[in-house]
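Shown next, in structure tokens, is the structure this report addresses.
Residue numbers (this note's numbering): 1 to 216.
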């Protein structure tokens, strides 16, 4: 049998190359792949507040008793926020942001925080008052929030009570802190990708020696 001529083989190879080229350029991409690429390259959009979670924990051995607040960012991008009245605000307790509820009787109503302060905040705020929480489950933990006897009515709460923290997000920005300048903060919350809302933590149990704390 005669062997194929060289020019016939060349035409066959060129034909295969042409078919492959047409497939690459004209066959639609996978919708799932296209969607994934768009998701990875798209800028942050939408209110990120729903994906910010606030939790509390008692600081072991603290005297006076103290809490730590943790903010978890479940958005896929970094989020920054103004710390005024936020869960990590060092003045959260005297500002009345911490809700205190006696452990007994069941269904007891919260009691008011004592010694509540009213502040006139610096406005516009400084960049120093902005904090960033990394995306993808990143966290930011507060300094200890002290439950001082001058603010917490231990005589009404007893040795076992419940706490949670709730308040307003004054400004949450869907961007890293590195993109935020003093000029940007002069116009919040009207800036793009800046949001306002509220937060509420889980409710945790606190155990103390109420009598000893009342005597301090």
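Each residue gets a CB set at the ideal place from its N, CA and C atoms; glycine is no exception.
TODO: Can you tell me which of the three DSSP states residue 70 falls into?
DONE: Along the chain shown, one-based indexing puts residue 70 at 70. In this structure, residue 70 counts as strand in the three-state DSSP scheme.
TODO: Spatial neighbours of residue 203 within its chain, please: CB distance less than 6 Å, with the 5 preceding and 5 following residues excluded, ordered by chain position.
DONE: For the purposes of this step, residue 203 is taken as residue 203 along the chain shown, with counting starting at 1. Result list for residue 203: 162 and 164, in chain order.
TODO: Would you list the residues sitting across from residue 178 in a DSSP beta bridge?
DONE: Position 178 of the chain shown, counted from the start, is the residue given in the question as residue 178. For residue 178, which the question treats as bridged, DSSP gives no partner whatsoever.
Task: Same chain only: Cβ atoms within 7 Å of residue 90, ignoring 5 sequence neighbours per side - done: Taking the chain shown and counting its residues from 1, one reaches residue 90 at position 90. Closer than 7 Å at Cβ, skipping near neighbours: 143.
Task: residue 167 - DSSP class collapsed to helix/strand/coil - done: Your numbering for residue 167 matches position 167 in the chain shown. In the structure shown, residue 167 sits in a strand (DSSP, three-state: E or B).
Open item on the list: Below 8 Å, how does it come out for the stretch 191-208 and the stretch 49-65: are there three or more Cβ pairs, yes or no?
Closed with: yes
Task: Under 8 Å between C-beta atoms of residue 85 and residue 170 - done: The sequence position of residue 85 within the chain shown is 85, counting from 1. The sequence position of residue 170 within the chain shown is 170, counting from 1. Yes, they are a contact pair.
Open item on the list: So the candidates are 134, 108, 151 and 156; which of them puts its Cα closest to the Cα of residue 77?
Closed with: Against the chain shown, residue 77 aligns to sequence position 77. When each option's Cα is compared against that of residue 77, the closest is 134.
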